[in-house]
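Trainee: Residue numbers (the numbering used here), protein chains in the order written: chain A, 1 to 276; chain B, 277 to 545.
The C-beta atom is built at its ideal place from N, Cα and C for all residues, glycine as well.
Keep in mind that this is a model prediction, so the values were computed, not measured.
Could you have a look at this structure, given as structure tokens, before my questions?
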């Protein structure tokens, strides 16, 4: 579905953010992209929908080569790629409905979007997506009246309103509490299952990534240093991605557990550390 | 107790700008010396001041006993002219400033457009209203039309510069999010930028309305119509009581505009 070939990005400052990245993502697969800060996770995601211009290599979505597109063709390719942002990136002074409908902007004329006169089918879809993410009653609220978790649900609805062929998520849980983070990840995972949608989720929380993705790709200094099933992400692999650390402590939390007990378990484990 | 005090360390805030004490003294004493010399170089004719005091006093007396009635016709025409000039020039200024402001925002406009719009802003900002008014009065003759053009021209520099800066300060994540959905440039402006800058644009326009009213009474003095022209005539004829009435009306209107604009600004947030 999505295929990256020898993708590289060097910024004007000379920083080599990505070098020679190649992998492909089949339909319906949810990929967790992990790695230390500055490893190029954000650059990689943004190179795919060209918010960042790749320096070399190719990105193919289905049959379309994305790196050479311009103008109208680029906009039409972008609308096939839904994006979910860190800190939500909703337009705060617009209503929830306007935010969701902004996923349809490339399908309607500037004049219609200016008058907020979207086709009925788009509005129906927006309502059903808002119901799907549990925000059906909030459509006329301003986006900045919502809580963090609710805002990210609007962000997901906006991305899905595009009817995308690919979902990109840039740290979707970075500013959410642990329980809300899990709910948001579960929501992304389940919509991808339902719609057979491939997704690349850039995420800092390794445990969260292991629980809710089908495959983990580890980046370090712009190179892929791990690519495999979440269950095969060993301590040795984590050291390759992040550097040396006592990974055993972290993975205690890795056993499947209820959302509500997650916090308490991690609290319980702290006296053990003191005694040992 | 005493042992605690004796063991305490002294602390002084380290000097921030000038580290060397010698330079600090040189600069401070130099500035003081310059100030004294400069004040001494101003020539004051105390006799003239004494004469002027009397005139000033007559002016203040006129101001304290304002005469609204004897020149009311002239004051009324002047005020209506001023208010018309203020409102039309603000509206025209906003209409022209929005496209220029968008063009002068680095995050929305390509480099040539950016340079062009920035140079318009610089041109407009580099001339004081009075100078433009004198030029335009010479071109279009006495009257409010020259005033309207002056204020519009001045509003453009003010509004587009501040609007452009506000657009550049916009949250880029919101712009990226709308762009990532495949939106056209106009749609990005309409959906991502406009909601972010609208409250400030409304606030700036009201503030400019306020400024334009005050300026309209100043540029009237150089012949650009409005209540300033009436004020000028009254002062020229030594009718300080009428002049006082005009000043009181100007102050009252400025206060009303100031109060209502701050109220509206809070409301649109």
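(1) Identify whether residue 464 of chain B lies in helix, strand or coil by the three-state DSSP scheme.
(2) List the whole-angstrom C-beta distance separating residue 181 of chain A from residue 208 of chain A, where the pair is believed to meet the contact cut-off of C-beta under 8 Å.
(3) Under the three-state reduction of DSSP, which class applies to residue 254 of chain A: helix, strand or coil?
(4) Tell me, to the nearest whole angstrom, how far the beta carbon of residue 216 of chain A is from that of residue 228 of chain A; I am working on the premise that it is less than 8 Å.
(5) Round the Cβ separation of residue 212 of chain A and residue 250 of chain A to the nearest angstrom and send it over; I've been treating them as touching at under 8 Å.
(6) Mind checking residue 94 of chain A: buried by the 16 CB within 10 Å criterion, or exposed?
(7) Excluding the five sequence neighbours on either side, which residues of its own chain have a C-beta within less than 6 Å of the C-beta of residue 377 of chain B, listed in chain order?
(8) First and last residue of the beta strand (DSSP E) that includes residue 83 of chain A?
(9) Which residue comes first and which comes last in the beta strand (DSSP E) that contains residue 224 of chain A?
(10) Please list the residues of the stretch 369–402 of chain B that have a C-beta atom closer than 9 Å to any C-beta atom in chain A, keeping them in chain order.
(11) Which residues in chain A sit within 9 Å of residue 472 of chain B, going by Cβ to Cβ distance?
(12) Could you check what DSSP says for residue 486 of chain B in three-state terms: helix, strand or coil?
(13) Does DSSP put residue 215 of chain A in a helix, a strand or coil?
(14) Starting from residue 110 of chain A, find everything on chain B with Cβ-Cβ shorter than 8 Å and list it in chain order.
(15) In three-state DSSP terms, what is residue 7 of chain A?
(16) Taking beta-carbon pairs under 7 Å, can you tell me which members of the stretch 65–77 of chain A lie near chain B?
(17) Whole angstroms is fine: what's the gap from residue 362 of chain B's alpha carbon to residue 425 of chain B's?
(18) Please state the DSSP three-state secondary structure of residue 92 of chain A.
(19) Would you mind telling me which residues of chain A sit closer than 8 Å to residue 454 of chain B, beta carbon to beta carbon, in chain order?
(20) Going straight from the alpha carbon of residue 236 of chain A to that of residue 28 of chain A, what length do you get?
(21) At 8 Å on the CB atoms, spell out the chain A contacts of residue 481 of chain B, in chain order.
(22) Go through its chain and collect everything with a Cβ distance to residue 296 of chain B's Cβ below 7 Å, but skip five positions before and after it.
(23) How should residue 13 of chain A be labelled, buried or exposed, when 16 other C-beta atoms within 10 angstroms of its C-beta is the threshold for buried?
(24) Hey, is residue 404 of chain B's beta-carbon within less than 8 Å of any beta-carbon in chain A?
(25) Could you run through the stretch 24–56 of chain A and flag, in chain order, every residue whose CB is less than 7 Å away from some CB of chain B?
(26) Which chain B residues are close to residue 118 of chain A, counting only those with a beta carbon under 8 Å from its beta carbon?
(27) With distances taken between CB atoms, is the gap from residue 472 of chain B to residue 450 of chain B smaller than 8 Å?
(28) Applying a beta-carbon distance threshold of less than 9 Å, which residues of chain A neighbour residue 536 of chain B?
(29) Do residue 104 of chain A and residue 85 of chain A have their C-beta atoms closer together than 8 Å?
(30) Provide the residue span of the beta strand (DSSP E) that contains residue 202 of chain A, from first to last.
(31) Kindly provide the ranges of any alpha helix (DSSP H) runs that are 4 or more residues long and lie completely inside the stretch 331–380 of chain B, ordered along the chain.
(32) Please classify residue 518 of chain B: is it buried, with 16 or more other beta-carbons within 10 angstroms of its beta-carbon, or exposed?
(33) Closer than 6 Å by C-beta to residue 430 of chain B: which residues in its own chain qualify, once you throw out the five before and the five after it? Chain order, please.
(34) List in chain order: all unbroken alpha helix (DSSP H) runs of 4+ residues lying wholly within the stretch 108–171 of chain A.
(35) What is the DSSP secondary structure of residue 220 of chain A, reduced to helix, strand or coil?
(36) Closer than 7 Å, Cβ to Cβ, to anything on chain B: give me those residues from the stretch 142–167 of chain A, in chain order.
Mentor: Let me lay it out:
(1) In the second chain, residue 464 of chain B corresponds to position 188, counting from 1. Note: residue 464 of chain B maps to helix in three-state DSSP.
(2) Looking up residue 181 of chain A in the first chain gives position 181. Looking up residue 208 of chain A in the first chain gives position 208. About 6 Å separates the Cβ atoms of residue 181 of chain A and residue 208 of chain A, confirming a contact at the 8 Å cut-off.
(3) Here residue 254 of chain A corresponds to residue number 254 of the first chain, with the count starting at 1. The predicted model places residue 254 of chain A with a pLDDT of 49, which falls under 50 and marks its position as unreliable, so this point remains unresolved.
(4) As a working mapping, residue 216 of chain A is identified with position 216 in the first chain. As a working mapping, residue 228 of chain A is identified with position 228 in the first chain. Rounded, the Cβ-Cβ distance is 6 Å, consistent with contact.
(5) Start at 1 with the first residue of the first chain, and residue 212 of chain A comes out as number 212. Start at 1 with the first residue of the first chain, and residue 250 of chain A comes out as number 250. Contact between residue 212 of chain A and residue 250 of chain A is ruled out by a C-beta separation of about 16 Å, above the 8 Å threshold.
(6) Looking up residue 94 of chain A in the first chain gives position 94. Residue 94 of chain A is buried by the Cβ-count criterion.
(7) On the second chain, residue 377 of chain B is found 101 positions in, with the first residue counted as 1. If we look at residue 377 of chain B and ignore the five residues flanking it on each side, its Cβ neighbours are 436, 439, 440.
(8) Here residue 83 of chain A corresponds to residue number 83 of the first chain, with the count starting at 1. 81–84 is the extent of the beta strand (DSSP E) around residue 83 of chain A.
(9) As a first step, residue 224 of chain A must be located in the first chain, where it is residue number 224. Counting along the chain, the beta strand (DSSP E) containing residue 224 of chain A begins and ends at 223–228.
(10) Those residues of the stretch 369–402 of chain B that come within reach of chain A (Cβ to Cβ, closer than 9 Å) do not exist; the list is empty.
(11) Within the second chain, residue 472 of chain B is the residue found at index 196, counting from 1. For residue 472 of chain B, the neighbours in chain A by C-beta distance under 9 Å run, in chain order, 91, 92, 93.
(12) Numbered from its first residue, the second chain carries residue 486 of chain B at position 210. Three-state DSSP puts residue 486 of chain B in a helix.
(13) Within the first chain, residue 215 of chain A is the residue found at index 215, counting from 1. In the three-state reduction of the DSSP assignment, residue 215 of chain A falls in the strand class, which pools E and B.
(14) Numbered from 1 along the first chain, position 110 holds the residue referred to as residue 110 of chain A. For the C-beta of residue 110 of chain A, the chain B residues within less than 8 Å are, from N- to C-terminus, 460, 462, 463, 466.
(15) What you label residue 7 of chain A is simply residue 7 of the first chain in a count that begins at 1. In the structure shown, residue 7 of chain A sits in a strand (DSSP, three-state: E or B).
(16) Legend: CB atoms of the stretch 65–77 of chain A lying less than 7 Å from CB atoms of chain B belong to residues 75, 76.
(17) Counted from its first residue, the second chain places residue 362 of chain B at position 86. Counted from its first residue, the second chain places residue 425 of chain B at position 149. Approximately 11 Å between the Cα atoms of the pair.
(18) Along the first chain, one-based indexing puts residue 92 of chain A at 92. It is coil, neither helix nor strand.
(19) Along the second chain, read from residue 1 onward, the residue named residue 454 of chain B stands at position 178. Those within 8 Å of residue 454 of chain B in chain A are 91, 102, 105.
(20) Position 236 of the first chain, counted from the start, is the residue given in the question as residue 236 of chain A. Position 28 of the first chain, counted from the start, is the residue given in the question as residue 28 of chain A. So the two alpha carbons sit approximately 28 Å from each other.
(21) Looking up residue 481 of chain B in the second chain gives position 205. Under a criterion of Cβ atoms nearer than 8 Å, no residue of chain A is adjacent to residue 481 of chain B; the nearest Cβ is some 17 Å distant.
(22) Here residue 296 of chain B refers to the residue found at position 20 when the second chain is read from its first residue. Correct list: empty, nothing qualifies.
(23) Reading the first chain from its first residue, position 13 is the one you call residue 13 of chain A. Taking all protein chains shown into account, residue 13 of chain A has fewer than 16 neighbouring C-beta atoms within 10 Å of its C-beta and is therefore exposed.
(24) Locating residue 404 of chain B in the second chain gives position 128, counting from the first residue. Taking Cβ atoms only, chain A never reaches closer than 8 Å to residue 404 of chain B, which makes this a no.
(25) Taking 7 Å as the Cβ-Cβ cut-off against chain B, the residues of the stretch 24–56 of chain A that qualify are 49, 51.
(26) The residue you call residue 118 of chain A lines up with position 118 of the first chain. Result: empty, since nearest Cβ-Cβ is about 12 Å, beyond 8 Å.
(27) Counting from one through the second chain, the residue named residue 472 of chain B turns up at place 196. Counting from one through the second chain, the residue named residue 450 of chain B turns up at place 174. The Cβ atoms of residue 472 of chain B and residue 450 of chain B lie closer than 8 Å to each other.
(28) For the purposes of this step, residue 536 of chain B is taken as residue 260 along the second chain, with counting starting at 1. The premise fails here: residue 536 of chain B is roughly 23 Å from chain A at the closest Cβ pair, so nothing lies under 9 Å.
(29) Here the question's residue 104 of chain A lines up with position 104 in the first chain. Here the question's residue 85 of chain A lines up with position 85 in the first chain. No; because the gap between Cβ atoms is not below 8 Å, this pair is not in contact.
(30) Sequence index remark: in the first chain, residue 202 of chain A carries index 202 (1-based). Taken as a continuous stretch (DSSP letters only), the beta strand (DSSP E) holding residue 202 of chain A covers 199–202.
(31) Here the runs fully enclosed are 348–379.
(32) Locating residue 518 of chain B in the second chain gives position 242, where the first residue counts as 1. Buried, because 16 or more other Cβ atoms sit within 10 Å of the Cβ of residue 518 of chain B.
(33) If you number the second chain from 1, residue 430 of chain B lands on position 154. Excluding positions up to five away in sequence, the list reads 405.
(34) The stretch 108–171 of chain A contains these whole alpha helix (DSSP H) runs: 110–114, 120–132, 148–161.
(35) If you number the first chain from 1, residue 220 of chain A lands on position 220. Strand.
(36) For chain B, the residues of the stretch 142–167 of chain A that bring a beta carbon within less than 7 Å of one of its beta carbons are 162, in chain order.
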